[in-house]
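For the sequence shown, the numbering used here puts the final residue at 1487, and the numbers step up evenly by one. Beta carbons: idealized from backbone N, C-alpha and C, even for Gly.
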Amino acid sequence: MSCVPTALILHKPVSHMNGLLRSQTILSRNIVQGSSSRFTRINRAISRAFQNAAPTPRSPPLVFAFDIDGVLIRGSRVLPAAKRALAMLEGDNPMRVKIPYILITNGGGSSEEDRCLRLTKQLGFDIKPTQFIQAHTILKSIVEEYAETPVLVLGGKYDMVRRVAKGYGFQKAYTTLDVHAWNPSVWPFHELSDAERATTQHVDFATTPISAIFVFHDPRNWSLDVQVICDVIQSGGVIGGPYIPVSEQLKERKIDLVFCNPDLVWRGEFERPRLGQGAFREAFQAVYKALTGTTYPYVQHGKPTESTYKFAQKVLSDRLQELLGHRPQNIPQVYMVGDNPESDIAGANAAKWSSILVRTGVYDPSFGPSPHTPTYEAEDVEEAVKWAINREMSKS
1092 MSCVPTALIL HKPVSHMNGL LRSQTILSRN IVQGSSSRFT RINRAISRAF QNAAPTPRSP
1152 PLVFAFDIDG VLIRGSRVLP AAKRALAMLE GDNPMRVKIP YILITNGGGS SEEDRCLRLT
1212 KQLGFDIKPT QFIQAHTILK SIVEEYAETP VLVLGGKYDM VRRVAKGYGF QKAYTTLDVH
1272 AWNPSVWPFH ELSDAERATT QHVDFATTPI SAIFVFHDPR NWSLDVQVIC DVIQSGGVIG
1332 GPYIPVSEQL KERKIDLVFC NPDLVWRGEF ERPRLGQGAF REAFQAVYKA LTGTTYPYVQ
1392 HGKPTESTYK FAQKVLSDRL QELLGHRPQN IPQVYMVGDN PESDIAGANA AKWSSILVRT
1452 GVYDPSFGPS PHTPTYEAED VEEAVKWAIN REMSKS
């Protein structure tokens, strides 16, 4: 192995050494500048990627449930505060986030899809069936039990509830107008109009026993409907058949009777509240008790029942998953905004939701305080939404 004499290294010309050092410095500078430029390009690319990526939706600290009649709408008229309140939920709020909400009404009589189309047009915001609950929507969860058995469906105009029922899966749904068309002497004090007759189905009820009665919506002809319900129950399902003893009528509830809306009154365009499905239920029970000496057992859905609020809790959870892309472990604080202390406030309080009572519907403070104490009392839905948002923001 040859060695380079030390003297040769020590005695290299200075100019040669300076040139070598300058070359190394230039090379190092170029490497550093090249690396810096490359890293800058990478950082810019990463920044662009983050900017172009869809942001992950933030989970809001609260969600809302609204009644419709008397809160957002009164009769056919949209209340002025409704659109401003919904705009806040769509992002026009201090948090700059969309706040999920659902609508829960004890109304009904049409399909969820049809009603959402009308609400979207009225309110100016896209209302989807996945965020909408009518009084009878909950019947979707029990339809399998009655899908292939004859049932009587009541309420609404003509055969509209029949169409809703069939949409849910009730394949053999009949109306009291069908019964009257089959035998007008069932209730001789009414004559079917041409429009009513055009919507009836030809059925022999003497050989078609009814297994259950569902009051989907507010009945239009109380007298006919009360008579037919009494006939079905007292005859064990065969209209016109012999009446069975009361003990047999009540035994294991031979004929299921289901009401979807317990509201005694509701608020429309008239100056004072109008009688609702709850009043029809009371009328039927009064007649049945006068006939038999007792009331008839029934299942009640609709606000403020536990079944409806549990159903609404699931709809809220599904709605959050739809908006966030995942199902949250816990639903944020729920604020129920309603105008009826007996249905909206009582139900929300029992469900451990926060409740806000507005003065644009059934509730009238001039008649005294609410029988069910709300978390807050507001003039209208806009004030209700503002208060709830400010309340939750103050917690964080």
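Residues in its own chain within less than 8 Å of Gln-1340 by CB, not counting five upstream and five downstream?
Working through the sequence shown from its first residue, we reach residue 1340 at position 249. Excluding sequence neighbours, Gln-1340 sits near Ile-1324, Gln-1325, Gly-1327, Ile-1346, Thr-1383, Tyr-1387.
Between the segment 1185–1203 and the segment 1402–1413, do at least 3 Cβ pairs fall closer than 8 Å?
yes
Report the option in Val-1162, Arg-1254, Gly-1199, Val-1169 whose CA atom is closest to the CA atom of Asn-1352.
What you label residue 1352 is simply residue 261 of the sequence shown in a count that begins at 1. Residue Gly-1199 is the option with its Cα nearest to Asn-1352.
With a cut-off of 8 Å, do at least 3 Cβ pairs link the segment 1251–1258 to the segment 1433–1441?
no
Given this structure, state the Cα-to-Cα distance separating Ala-1173 from Ile-1335, to the nearest angstrom.
As a first step, residue 1173 must be located in the sequence shown, where it is residue number 82. As a first step, residue 1335 must be located in the sequence shown, where it is residue number 244. Each residue's Cα considered, the two are about 52 Å apart.
Whole-angstrom Cβ separation of Tyr-1259 and Lys-1231, contact assumed at under 8 Å?
Along the sequence shown, read from residue 1 onward, the residue named residue 1259 stands at position 168. Along the sequence shown, read from residue 1 onward, the residue named residue 1231 stands at position 140. Taking the Cβ atoms as the reference, Tyr-1259 lies roughly 5 Å from Lys-1231, within the contact range of under 8 Å.
Note down the Cα distance separating Asp-1160 from Leu-1214, rounded to an integer number of angstroms.
Sequence index remark: in the sequence shown, residue 1160 carries index 69 (1-based). Sequence index remark: in the sequence shown, residue 1214 carries index 123 (1-based). Between Asp-1160 and Leu-1214, the alpha-carbon positions lie close to 13 Å from each other.
Would you identify the three-state DSSP class for Phe-1458, choosing helix, strand or coil?
Numbered from its first residue, the sequence shown carries residue 1458 at position 367. Of the three classes helix, strand and coil, the one that applies to Phe-1458 here is helix, per DSSP.
So the alpha helix (DSSP H) Phe-1155 belongs to, where does it begin and stop?
The residue given as residue 1155 occupies position 64 in the sequence shown. Not the alpha helix (DSSP H): Phe-1155 falls in the beta strand (DSSP E), residues 1153–1157.
Ignore the nearest five residues each way along the sequence and tell me which others in Lys-1394's own chain have a CB closer than 7 Å to its CB.
Position 303 of the sequence shown, counted from the first residue, corresponds to residue 1394. Contacts found: Ile-1195, Asn-1197, Ser-1434, Asp-1435, Gly-1438.
Consult DSSP for Gly-1090 and reduce its assignment to one of helix, strand or coil.
Only positions 1092 to 1487 of the chain appear in the structure, and residue 1090 is not among them; the question remains open.
Rounded to whole angstroms, what's the CA-CA distance from Leu-1283 to Asn-1312? Just pull it up for me.
Stepping through the sequence shown from its first residue, residue 1283 is reached at position 192. Stepping through the sequence shown from its first residue, residue 1312 is reached at position 221. Near 11 Å, if we compare the C-alpha coordinates of Asn-1312 and Leu-1283.
Length of the line joining the Cα atoms of Pro-1220 and Leu-1210:
In the sequence shown, residue 1220 corresponds to position 129, counting from 1. In the sequence shown, residue 1210 corresponds to position 119, counting from 1. Going by the C-alpha atoms only, they are around 11 Å apart.
Pick from Glu-1204, Glu-1239, Pro-1241 that is closest to Gln-1225, judged by C-alpha positions
Taking the sequence shown and counting its residues from 1, the one referred to as residue 1225 is at position 134. Measuring from the Cα of Gln-1225, the nearest candidate turns out to be Glu-1204.
Who does Ala-1469 pair with in a DSSP beta bridge?
The count along the sequence shown starts at 1 and reaches residue 1469 at position 378. Note: Ala-1469 sits in a beta bridge opposite Val-1449.
Residue ranges of each beta strand (DSSP E) run of no fewer than 3 residues wholly in the segment 1394–1431, ordered along the chain?
1424–1429
Compare the Cα-Cα distances from Lys-1257 to each of Arg-1372, Gln-1222, Phe-1307, Thr-1464 and report the closest residue.
Taking the first residue of the sequence shown as position 1, residue 1257 is located at position 166. When only C-alpha atoms are compared, the closest one is Phe-1307.
Between Val-1270 and the rest of its own chain, which residues show a CB-CB distance below 7 Å, the 5 nearest in sequence each way excluded?
Start at 1 with the first residue of the sequence shown, and residue 1270 comes out as number 179. Only Val-1277, Phe-1296, Val-1319, Ile-1330 meet the Cβ criterion.
Using 8 Å as the threshold, is the segment 1160–1169 in touch with the segment 1446–1456, meaning 3 or more CB pairs across them?
yes
Provide the residue span of the alpha helix (DSSP H) that contains Phe-1375, from first to last.
On the sequence shown, residue 1375 is found 284 positions in, with the first residue counted as 1. Note, Phe-1375: alpha helix (DSSP H), 1368–1383.
Considering only C-alpha positions, which residue in the set Lys-1380, Leu-1407, Phe-1361, Asp-1309 is nearest to Arg-1168?
Within the sequence shown, the letter at position 77 stands for residue 1168. Nearest option by C-alpha distance: Phe-1361.
DSSP three-state assignment for Trp-1273, whether helix, strand or coil:
As a working mapping, residue 1273 is identified with position 182 in the sequence shown. DSSP places Trp-1273 in helix when its eight states are reduced to three.
Determine the DSSP secondary structure at Tyr-1192, reduced to helix, strand or coil.
In the sequence shown, the residue the question calls residue 1192 occupies position 101. Strand.
Give me the Cα-Cα distance between Gln-1376 and Phe-1350, rounded to the nearest whole angstrom.
Within the sequence shown, numbered from 1, the residue matching residue 1376 stands at position 285. Within the sequence shown, numbered from 1, the residue matching residue 1350 stands at position 259. Whole-angstrom Cα-Cα distance: 12 Å.
May I have the straight-line CA-CA distance separating Ser-1446 from Gly-1367, to the nearest angstrom?
The count along the sequence shown starts at 1 and reaches residue 1446 at position 355. The count along the sequence shown starts at 1 and reaches residue 1367 at position 276. So the two alpha carbons sit approximately 23 Å from each other.
Helix, strand or coil for Ile-1335? Go by DSSP, reduced to three states.
As a first step, residue 1335 is located in the sequence shown; it is residue number 244 there, counting from the start. Reduced to three states, the DSSP call for Ile-1335 is coil.
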